Amino acid sequence: MKVLAKRFDEIFESMIDQRQKLDRNGVGQESNDFLQVLLKLKDEADATMPLTMTEIKALLMDMILGGTDTTANTVEFAMAEIMHKPNVLRKLQQEVDTVVGKDNIMEESHIQQLQYLYAVMKEVLRIHSTAPFLVPHCPSETCTVGGYTVPKGSRVFINVWAIHRDPSIWENPTEFRPERFLDNKWDYSGNDFNYFPFGSGRRMCPGIVMAERMFMYSVASLIHSFDWKFPEGETLDLTEKFGVILKKKMPLVAIPTPRLFNPTLYE
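If you're matching positions, the sequence shown starts at 1 in full-length UniProt numbering and goes up one per residue.
Following this line, the structure appears as structure tokens:
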């Protein structure tokens, strides 16, 4: 963790230095990206709570770790699981064909009607928890949890990966079965401690809506536009690589075949 933090600090320091040099030279004045806005807030003399450089780096870290790598890894796990279960792929394609049609392209407005894909997303988030230990917590006072004393100032990690695979909670927990979520019994609002892939309370993931839309749109577009298969002789490897973010140890290799009626839709 300390090595990663140091590396990210160096990257963000370089990004900020480059932006400030552009601003001093008058090159980046017309830009209004996320970093530009943060630097303006830092430099505002009349700001009631001016941002520090450390806070700017923390916000950049949140955006990059929370909004890019996480969703990409979840989509990769989803496609691997879907391809491994041909019946799931068929159900998904039937659903998107009904909602979108094979003479049209997937649009964001279709997402709300894709209930089976929604269940697939929930199951992927359960069996391959994006952040296996969530965000570290630190108790402000010594407390007792489940009979264990947690001293003030401790760094506490929640093993949500293990909770989501607990056989006392989930039937056949290692089996990828989206149907378990079709009855809407489980959601990820953080109120049920048997299923909380985005965390819970005030520190739960602030980008839930964005992550949901990115995942749904990406996977729906992939399965609607193409049939998918593994390369000949290739076997599925779902081995996980643990870290701050859960990743697939071996990158997914897949072969797409166009399935839409109108070839111009691929242009």
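All C-beta atoms, glycine included, are put in the ideal place defined by N, C-alpha and C.
In this text the structure is predicted, and so the values were computed from the model without any measurement.
Per-residue DSSP class, three states only, for residue i
i      : result
PHE12  : helix
GLU232 : coil
VAL160 : helix
GLU171 : coil
THR54  : helix
HIS137 : strand
GLU212 : helix
SER189 : coil
GLY199 : coil
THR130 : coil
VAL100 : coil
LEU182 : coil
LEU39  : helix
ILE105 : coil
ASN32  : coil
LEU59  : helix
MET204 : coil
ARG24  : helix
HIS44  : This sequence places Glu at residue 44; His is not what is there. Coil, per DSSP.
LYS91  : helix
ARG19  : helix
PHE176 : coil
LYS2   : helix
ARG7   : helix
LYS85  : coil
LEU125 : helix
LEU114 : coil
PHE77  : helix
Cβ-Cβ separation, residue j to residue i (assumed contact under 8 Å), whole Å
i      : j      : result
SER189 : MET106 : No, SER189 and MET106 are not in contact; Cβ-Cβ is about 27 Å, not under 8 Å.
MET83  : LEU92  : With a Cβ gap of about 11 Å, MET83 and LEU92 do not count as contacting.
ARG259 : SER225 : 7 Å
CYS143 : VAL156 : Between VAL156 and CYS143 the Cβ distance is about 10 Å, and since that is not below 8 Å, they are no contact.
PRO173 : TYR116 : Between TYR116 and PRO173 the Cβ distance is about 21 Å, and since that is not below 8 Å, they are no contact.
ILE245 : ASP69  : 5 Å
ASN191 : ILE169 : About 15 Å separates the two Cβ atoms, so there is no contact after all.
Beta-ladder partner(s) of residue i, from DSSP
i      : result
PRO256 : TRP228
THR70  : Answer is none; THR70 lacks a bridge partner.
TYR266 : Per DSSP, none; premise fails for TYR266.
CYS143 : VAL150
LYS241 : LYS247
If contact is defined by three or more beta carbon pairs under 8 Å, each pair taking one atom from either stretch, is the segment 201-219 in contact with the segment 108-115?
Three or more beta-carbon pairs separated by less than 8 Å link the segment 108-115 to the segment 201-219, which places the two stretches in contact.
Cβ contact check for the segment 90-97 and the segment 236-251: 3 or more pairs under 8 Å
no
Quick check: the segment 249-264 against the segment 63-82, are at least 3 beta-carbon pairs closer than 8 Å?
The segment 63-82 and the segment 249-264 touch, with no fewer than 3 CB-CB distances between them shorter than 8 Å.
Contact between the segment 34-41 and the segment 174-191: three or more CB pairs below 8 Å?
no
Would you be able to state if there are at least three C-beta pairs under 8 Å between the segment 120-127 and the segment 51-61?
no
Can at least three beta-carbon pairs, one atom from the segment 187-204 and one from the segment 63-71, be found at a separation below 8 Å?
no
Whether or not the segment 127-145 and the segment 158-169 are in contact is what I'm after, with contact meaning three or more pairs of Cβ atoms, one per stretch, closer than 8 Å; do they touch?
yes
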